[in-house]
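Following my numbering, the numbering of the sequence shown begins with 33 at its first residue and continues without gaps.
Quick reminder that beta carbons are idealized off the backbone N, C-alpha and C, glycines included.
Values in this document were obtained by computation on a predicted structure and should not be read as measured data.
Working notes, structure below.
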Amino acid sequence: MDWGQIFNSTAGWLFSPTTIAYALAATGLAVHFGYAGLLNFGMAGFMAIGAYGYAISILTFGLPWWAAMFVSILGAVVFALILGIPTLRLRADYLAIVTIAAAEIVRLLFTTQVFDEYTNSADGLSGYHQGFRDANPFPEGTYGFGPWTYNQNELWVRVFGVILLAIAVLAVWLLMRSPWGRVLKGIREDEDAVRALGKNVFSFKMQALIIGGIMGALGGVVFALPSAVVPATYTTSLTFFIWTILLLGGAATVFGPALGALIFWVIMAFLDNVLPAMAAVGWLPMTPIQAGTLRFILVGVALMLLVAFRPQGILGNKRELTFVK
33 MDWGQIFNST AGWLFSPTTI AYALAATGLA VHFGYAGLLN FGMAGFMAIG AYGYAISILT
93 FGLPWWAAMF VSILGAVVFA LILGIPTLRL RADYLAIVTI AAAEIVRLLF TTQVFDEYTN
153 SADGLSGYHQ GFRDANPFPE GTYGFGPWTY NQNELWVRVF GVILLAIAVL AVWLLMRSPW
213 GRVLKGIRED EDAVRALGKN VFSFKMQALI IGGIMGALGG VVFALPSAVV PATYTTSLTF
273 FIWTILLLGG AATVFGPALG ALIFWVIMAF LDNVLPAMAA VGWLPMTPIQ AGTLRFILVG
333 VALMLLVAFR PQGILGNKRE LTFVK
């Protein structure tokens, strides 16, 4: 086994657009679940709306890339309103079921041939990168060292994604230190008590759904920046990965989602490289393809152990989470 190649390939995921996009989406989910107590299993829908809103705005309507980002944000707000108005009064388990269904409806709408003129149905969208690349402040060339070597476009995507993630983390930090954030955490703990104090619980939940949804949509934009928008990406497994990341880093934490995304994708990349290599040299009684699938089983078992023994996550405080009291 070539351990040097394995570690180089794994290290490349530290600053990958995928890692940054999932960190953004997990930060939005932290607002939903960690702070507001909303059991949202539809984050894949927000990411899909962000990615498609960005791509369609450029390809179909000829908007500049920065205006397309505002369209993605607007799409997330509209989706949050459509999703939240009839569902935010539901109990947590019912809300989870509805949000899963809503995300699947969004994915199927982008897949259907009815809107093929705009979405290209199952084939997805590409060719919307030029405007973003024209705004690249880095001169043409190669940057970095070792496994972190990028051309100017790859570096620009990563720098832009990190800037968006930093803004999202700062926004969550400021919001949760404000009176608004304290009310939100009060709703998570006991919404009847907050309602008794004269606060509009539904309004606060809706605001949290919108803010977290915007972060998820921006994660979808970053996810789509390097390559293409493919509807098969935005399945329920994407949402479950985001939940794993959130629980790993800490649900009611500011920096937990970013740390969780970093650890999750580094581990996934390492297992994706090392398990097939171990099978190829006979260390595992299976084919390399089977060994590649084994990583999902190992990550699933690790998530079960995490929830059982450290449900607050790496950075979390056990007292912050109602479901572990």
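query: Helix, strand or coil: which one does DSSP assign to threonine 174?
result: strand
query: Whole-angstrom Cβ separation of tyrosine 67 and leucine 206, contact assumed at under 8 Å?
result: No, tyrosine 67 and leucine 206 are not in contact; Cβ-Cβ is about 13 Å, not under 8 Å.
message: Just to confirm before moving on: does the CB-CB distance between isoleucine 274 and alanine 83 stay below 7 Å?
response: no
message: Check for me: the alpha helix (DSSP H) holding asparagine 305 runs from which residue to which?
response: 288-312 is the extent of the alpha helix (DSSP H) around asparagine 305.
- request: Report the residue from Val306, Ala225, Gly36, Gly77 whose alpha carbon sits nearest the alpha carbon of alanine 264.
  value: Gly77
- request: State yes or no: is the C-beta of valine 253 within less than 7 Å of the C-beta of tyrosine 86?
  value: yes
- request: Might you give, ordered along the chain, the residues of its own chain that have their beta carbon closer than 7 Å to the beta carbon of glycine 244, omitting 5 neighbours on each side?
  value: Gly60, Leu61, Val63, His64
- request: Using three-state DSSP, classify threonine 319 as helix, strand or coil.
  value: Looking at threonine 319 - three-state DSSP - the assignment turns out to be coil, as it is neither helix nor strand.
- prompt: Going by the CB atoms, is the gap between glycine 193 and isoleucine 52 shorter than 7 Å?
  reply: yes
field: Inter-residue spacing [alpha-carbon to alpha-carbon] between lysine 237 and leucine 113
entry: Going from the Cα of lysine 237 to the Cα of leucine 113 covers about 11 Å.
field: Local Cβ density within 10 Å of valine 313, reported as buried at 16 or more and exposed below that
entry: exposed
message: DSSP three-state label for asparagine 183, please.
response: strand
- request: Could you spell out where the alpha helix (DSSP H) holding lysine 237 opens and where it closes?
  value: 233-256
Three-state class that DSSP yields for valine 331 in the structure shown: helix
task: Please name the residue, chosen from Trp180, Thr325, Gly251, Leu316, that lies closest to isoleucine 199 on a Cα-to-Cα basis.
output: The shortest Cα separation from isoleucine 199 among Trp180, Thr325, Gly251, Leu316 belongs to Gly251.
- request: Give, in chain order, every unbroken run of the beta strand (DSSP E) that is at least 3 residues long and sits entirely within the region 33-104.
  value: none
message: Classify glycine 74: buried if its beta carbon has 16 or more other beta carbons within 10 angstroms, exposed otherwise.
response: The residue is buried, with at least 16 neighbouring Cβ atoms inside 10 Å.
task: Just grab the DSSP bridge partners of leucine 157 for me.
output: According to DSSP, which records beta bridges pairwise, leucine 157 is partnered with Val261.
message: Between which residues of its own chain and leucine 115 is the CB-CB distance below 6 Å, once the five residues before and five after are set aside?
response: Ala134
- prompt: Which same chain residues, not among the five before or five after valine 356, have their C-beta less than 8 Å away from its C-beta?
  reply: At valine 356, the pLDDT of 41 sits below 50, so the modelled position is not reliable and the matter cannot be decided from this model.
query: Helix or strand or just coil, what does DSSP make of leucine 347?
result: coil
field: For glutamine 162, the first and last residue of its enclosing alpha helix (DSSP H)
entry: 162-166 is the extent of the alpha helix (DSSP H) around glutamine 162.
- prompt: Quick one: what's got a C-beta closer than 8 Å to arginine 121's C-beta in the same chain, skipping five residues either side?
  reply: Phe234
field: For threonine 50 and leucine 197, the rounded distance between their alpha carbons
entry: Looking at the two C-alpha atoms, the distance is approximately 12 Å.
message: Here's a check: name, in chain order, each residue in its chain whose Cβ is nearer than 8 Å to the Cβ of threonine 358, leaving out the five neighbours to either side.
response: With the chain represented from 33 up to 357, any question about residue 358 goes unanswered, as that position is not in the structure.
query: Taking DSSP as the reference, what is the three-state secondary structure of alanine 283?
result: coil
query: Which residues in the same chain have their Cβ closer than 7 Å to the Cβ of tyrosine 266, if we skip the five residues on either side of it in sequence?
result: The answer, listed in chain order, is Ala76, Met79, Ala80, Arg139.
task: Please name the residue, chosen from Val261, Ile346, Phe302, that lies closest to asparagine 152 on a Cα-to-Cα basis.
output: Checked all of Val261, Ile346, Phe302; the closest Cα to asparagine 152 is Val261.
message: Going by C-alpha to C-alpha distance, which of Ile299, Met300, Leu279 sits closest to alanine 340?
response: Leu279
field: Extent of the continuous alpha helix (DSSP H) to which tyrosine 150 belongs
entry: 148-151
query: Since arginine 327 and leucine 303 are thought to touch, with beta carbons under 8 Å apart, how far apart are those beta carbons, to the nearest angstrom?
result: Separation of the CB atoms of arginine 327 and leucine 303 is rounded to 4 Å, and the pair is thereby assigned contact status at 8 Å.
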